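Student:
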Amino acid sequence: QAQAIILGIETSCDETAASIVVRDQTGRGTIRSNVVRSQLDEHAAFGGVVPELAARAHVEWLDHIIAQAIDEAGIGLNEVDAVAATAGPGLIGGVLVGLTTAKALAASLGKPLIAVNHLEGHALTARLTDGVKFPYLMLLVSGGHSQFVLVRGVGDYERWGGTIDDALGEAFDKVAKLLSLGHPGGPAVEKIAQRGDPKRFRFPKPLLREERLDFSFSGLKTAVRLQTEALAPLTDQDVADIAASFQETVAQIVGYRAHQALERFAAQFPGEPIRLVVAGGVAANKRIAEALRVPSEEFGAELIVPPIALCTDNGAMIAWAGAERLALGDMDNLSVAARPRWPL
Ligand code: KG4
Ligand code: ZN
Numbered sequence: 011q012a013q014a015i016i017l018g019i020e021t022s023c024d025e026t027a028a029s030i031v032v033r034d035q036t037g038r039g040t041i042r043s044n045v046v047r048s049q050l051d052e053h054a055a056f057g058g059v060v061p062e063l064a065a066r067a068h069v070e071w072l073d074h075i076i077a078q079a080i081d082e083a084g085i086g087l088n089e090v091d092a093v094a095a096t097a098g099p100g101l102i103g104g105v106l107v108g109l110t111t112a113k114a115l116a117a118s119l120g121k122p123l124i125a126v127n128h129l130e131g132h133a134l135t136a137r138l139t140d141g142v143k144f145p146y147l148m149l150l151v152s153g154g155h156s157q158f159v160l161v162r163g164v165g166d167y168e169r170w171g172g173t174i175d176d177a178l179g180e181a182f183d184k185v186a187k188l189l190s191l192g193h194p195g196g197p198a199v200e201k202i203a204q205r206g207d208p209k210r211f212r213f214p215k216p217l218l219r220e221e222r223l224d225f226s227f228s229g230l231k232t233a234v235r236l237q238t239e240a241l242a243p244l245t246d247q248d249v250a251d252i253a254a255s256f257q258e259t260v261a262q263i264v265g266y267r268a269h270q271a272l273e274r275f276a277a278q279f280p281g282e283p284i285r286l287v288v289a290g291g292v293a294a295n296k297r298i299a300e301a302l303r304v305p306s307e308e309f310g311a312e313l314i315v316p317p318i319a320l321c322t323d324n325g326a327m328i329a330w331a332g333a334e335r336l337a338l339g340d341m342d343n344l345s346v347a348a349r350p351r352w353p354l
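The sequence shown lines up with residues 11 to 354 when you count with the UniProt record's numbering.
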């Protein structure tokens, strides 16, 4: 297998990102550049991502971000061996910007195009950062997704459960909004929770009595809203206590589900090393990481949390997924379509 230099493009949500990743003959990956421009400022006034604004910002910035990624990698555009871009799932306007740009580059360079499923990008990142071997279990917890995925190989995924309503990061963001903590809410909730009493409020753990590996966070969010309304006007201590109690509840839910998922993995792959990979922005949360450490230790599982800059949306994860697919000869036609929904 020859060395391959891959350009990766990510535009499915509110980061405009491009990266150069090199996959060497032995299959190891190196990140040569990883440029991410977050659109937080554009959306700040609206308390969430506005799709039309996101698409326009991607149009405005993507060319510059790609040029910077090429430049920082110290290569010329014509040295790129393949162009990979997120083709879904995500906000369709943004996905179209990235995918169309990738098609134009691939066509003009005469190099292959790889249309990457954003979730596959998250799923394979741990192989870039930690060289993790198949099979492994992935827990993806971001602003848009919350799911367990069994990763058996490149292109070989099995969804073991996910959220039936809000994503976990979304729940953090909504609670932060209720508590007037700003956007994005996850880091703000975690920070203020440090000063709070996690035992002051008992919030519900929806769905937890059921066996299936699914999540539901919208009832929890409603309970937080009712508590907030009952206490209004909130003191600073109330805010901290609500944040801490919410975070504690969520950590217990995630820890419990991880325990079940590891149990299932162990049963399905007897004798195999057990590995749990975490991806998505919520992986930055210390309490949640701790809640995953406990069941991992119990099952003797290796817990792999890539560096947080690679857990959140970025171009390197797309470039790497492209590199893995390229190595298998799995490329796409220039007519490949962008997909707002695209389960793994
Ligand atoms: O993966 P990501 O950057 O973007 C996507 O949603 O794809 O994840 C962002 C989400 C946001 O909902 C944010 O509030 C949450 O991750 N998040 C956190 C923390 N840092 C980011 N949630 C809880 N605790 C954190 N420290
Ligand atoms: Zn993502």
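By construction, the Cβ of each residue, glycine as well, lies at the ideal position given by its N, Cα and C atoms. In this text, all values refer to a predicted model and were calculated from it rather than measured experimentally.
Identify every residue that forms a DSSP beta bridge with residue 157.
Tutor: What you label residue 157 is simply residue 147 of the sequence shown in a count that begins at 1. Beta-bridge pairing links residue 157 to 150, 172.
Student: Within 10 angstroms of its Cβ, does residue 259 collect 16 or more other Cβ (buried), or is it exposed?
Tutor: The residue you call residue 259 lines up with position 249 of the sequence shown. So residue 259 counts as buried.
Student: Check residue 275 in the structure and name its three-state DSSP category.
Tutor: For the purposes of this step, residue 275 is taken as residue 265 along the sequence shown, with counting starting at 1. Helix, per DSSP.
Student: From the beta carbon of residue 89, is the nearest beta carbon of chain D less than 7 Å away?
Tutor: No chain D appears in this structure, which consists of one protein chain only.
Student: Under 8 Å Cβ to Cβ from residue 300, same chain only, skipping five residues before and after it: list those, please.
Tutor: Working through the sequence shown from its first residue, we reach residue 300 at position 290. Contacts found: 261.
Student: How far does the beta strand (DSSP E) with residue 39 in it reach, from first residue to last?
Tutor: By 1-based counting over the sequence shown, the position of residue 39 is 29. That run of the beta strand (DSSP E) goes 39 to 48.
Student: Can you tell me which residues form a DSSP beta bridge with residue 29?
Tutor: Stepping through the sequence shown from its first residue, residue 29 is reached at position 19. Answer is 18, 44, bridged to residue 29.
Student: Assuming residue 285 and residue 314 form a contact by the criterion Cβ under 8 Å, report the distance between their Cβ atoms to the nearest whole angstrom.
Tutor: Counting from one through the sequence shown, the residue named residue 285 turns up at place 275. Counting from one through the sequence shown, the residue named residue 314 turns up at place 304. Yes, they are in contact, since the Cβ atoms of residue 285 and residue 314 sit about 6 Å apart, within 8 Å.
Student: When you compare the CB positions of residue 104 and residue 64, do they come within less than 7 Å of one another, or not?
Tutor: Here residue 104 refers to the residue found at position 94 of the sequence shown. Here residue 64 refers to the residue found at position 54 of the sequence shown. The answer is yes: Cβ separation under 7 Å.
Student: Tell me, which residues are paired with residue 285 by DSSP?
Tutor: Indexing the sequence shown from 1 puts residue 285 at position 275. Paired residue(s): 312.
Student: Say the cut is 6 Å; is the CB of residue 224 nearer than that to a heavy atom of the ligand ZN?
Tutor: Reading the sequence shown from its first residue, position 214 is the one you call residue 224. Incorrect: residue 224 has no Cβ contact closer than 6 Å to the ligand ZN.
Student: State yes or no: is the C-beta of residue 200 nearer than 6 Å to some heavy atom of the ligand KG4?
Tutor: The residue given as residue 200 occupies position 190 in the sequence shown. Yes, Cβ of residue 200 sits closer than 6 Å to a heavy atom of the ligand KG4.
Student: Taking 6 Å as the line, does the beta carbon of residue 255 fall inside it for any heavy atom of the ligand KG4?
Tutor: Looking up residue 255 in the sequence shown gives position 245. Answer for residue 255: no, Cβ out of range of the ligand KG4.
Student: Of the residues 170, 106, 57, which one's Cα is nearest the Cα of residue 225?
Tutor: By one-based count along the sequence shown, residue 225 stands at place 215. With distances taken between Cα atoms, residue 225 lies closest to 170.
Student: Any heavy atom of the ligand ZN closer than 6 Å to the beta-carbon of residue 118?
Tutor: The count along the sequence shown starts at 1 and reaches residue 118 at position 108. Incorrect: residue 118 has no Cβ contact closer than 6 Å to the ligand ZN.
Student: If you follow the beta strand (DSSP E) that residue 92 is part of, which residue opens it and which one closes it?
Tutor: Position 82 of the sequence shown, counted from the first residue, corresponds to residue 92. Its beta strand (DSSP E) spans residues 92 to 98.
Student: Would you say the region 125 to 142 touches the region 322 to 342, given that touching needs at least three Cβ pairs under 8 Å?
Tutor: yes
Student: For a test of your reading of the model: does the CB of residue 238 fall under 6 Å from any non-hydrogen atom of the ligand KG4? Yes or no.
Tutor: In the sequence shown, counting from the first residue as 1, residue 238 sits at position 228. Residue 238 Cβ: outside cutoff for every heavy atom of the ligand KG4.
Student: What are the boundary residues of the alpha helix (DSSP H) that includes residue 123?
Tutor: Residue numbering aside, residue 123 sits at position 113 when the sequence shown is read from its first letter. It is not in any alpha helix (DSSP H) - residue 123 instead sits in the beta strand (DSSP E) that spans 123 to 127.
Student: For the candidate residues 240, 337, 322, whose alpha-carbon lies nearest to that of residue 21?
Tutor: By 1-based counting over the sequence shown, the position of residue 21 is 11. The residue with the shortest Cα to Cα distance from residue 21 is 322.
Student: Given that a residue counts as buried once 16 or more other Cβ atoms are within 10 Å of its Cβ, and exposed if not, what is residue 98?
Tutor: On the sequence shown, position 88 is the one that residue 98 refers to. Residue environment analysis places residue 98 among the buried positions, since at least 16 neighbouring C-beta atoms fall within 10 angstroms of its C-beta.
Student: What is the C-beta distance between residue 122 and residue 116, in whole angstroms, given that I count them as a contact (C-beta under 8 Å)?
Tutor: By 1-based counting over the sequence shown, the position of residue 122 is 112. By 1-based counting over the sequence shown, the position of residue 116 is 106. Their Cβ separation, rounded to whole angstroms, is 7 Å, which keeps residue 122 and residue 116 in contact under 8 Å.
Student: Does DSSP put residue 192 in a helix, in a strand, or in coil?
Tutor: Within the sequence shown, numbered from 1, the residue matching residue 192 stands at position 182. Coil at residue 192, not helix or strand.
Student: Tell me, which residues are paired with residue 342 by DSSP?
Tutor: Here residue 342 refers to the residue found at position 332 when the sequence shown is read from its first residue. Paired residues: 123.
Student: Starting from residue 334, follow the alpha helix (DSSP H) in both directions and report where the run begins and ends.
Tutor: Position 324 of the sequence shown holds residue 334. Here the alpha helix (DSSP H) through residue 334 covers 325 to 337.
Student: Grab the span of the alpha helix (DSSP H) containing residue 368 for me, first residue to last.
Tutor: In the structure as shown, the chain starts at 11 and stops at 354, and residue 368 therefore has no counterpart that could be examined.
Student: What residues does the ligand ZN have around it, judged by CB closer than 5 Å to any heavy atom, in chain order?
Tutor: 152, 323
Student: Under the criterion of a Cβ to heavy atom distance below 6 Å, does residue 194 qualify as lining the ligand KG4?
Tutor: Walking along the sequence shown from the start, residue 194 turns up at place 184. Flag set: Cβ of residue 194 near the ligand KG4.
Student: Could you pull out every residue in the same chain whose Cβ sits closer than 8 Å to the Cβ of residue 34, ignoring the five residues on either side in sequence?
Tutor: Walking along the sequence shown from the start, residue 34 turns up at place 24. Taken in chain order, the residues that qualify are 13, 40.
Student: Quick check on DSSP: helix, strand or coil for residue 303?
Tutor: Position 293 of the sequence shown, counting from 1, holds the residue named residue 303. Helix, per DSSP.
Student: So, residue 206 versus residue 240, is the Cβ gap smaller than 7 Å?
Tutor: Translated into the one-based positions of the sequence shown, residue 206 becomes position 196. Translated into the one-based positions of the sequence shown, residue 240 becomes position 230. Cβ atoms of residue 206 and residue 240: not closer than 7 Å.
Student: Grab the span of the alpha helix (DSSP H) containing residue 69 for me, first residue to last.
Tutor: Position 59 of the sequence shown, counted from the first residue, corresponds to residue 69. Looking at the DSSP string, the run of the alpha helix (DSSP H) that includes residue 69 is 61 to 83.
Student: Three or more C-beta pairs closer than 8 Å, one from the region 59 to 75 and one from the region 275 to 294: is that the case here?
Tutor: no
Student: Is the distance from the Cβ of residue 235 to the Cβ of residue 188 below 7 Å?
Tutor: Stepping through the sequence shown from its first residue, residue 235 is reached at position 225. Stepping through the sequence shown from its first residue, residue 188 is reached at position 178. Contact: yes.
Student: Below 6 Å, is the gap between the Cβ of residue 343 and the nearest heavy atom of the ligand KG4?
Tutor: What you label residue 343 is simply residue 333 of the sequence shown in a count that begins at 1. Taking 6 Å as the cut-off, one finds no heavy atom of the ligand KG4 near enough to the beta carbon of residue 343.
Student: So residue 23 is in the alpha helix (DSSP H); what residue range does that whole segment cover?
Tutor: As a working mapping, residue 23 is identified with position 13 in the sequence shown. First-last for residue 23: undefined, no H or E at that position.
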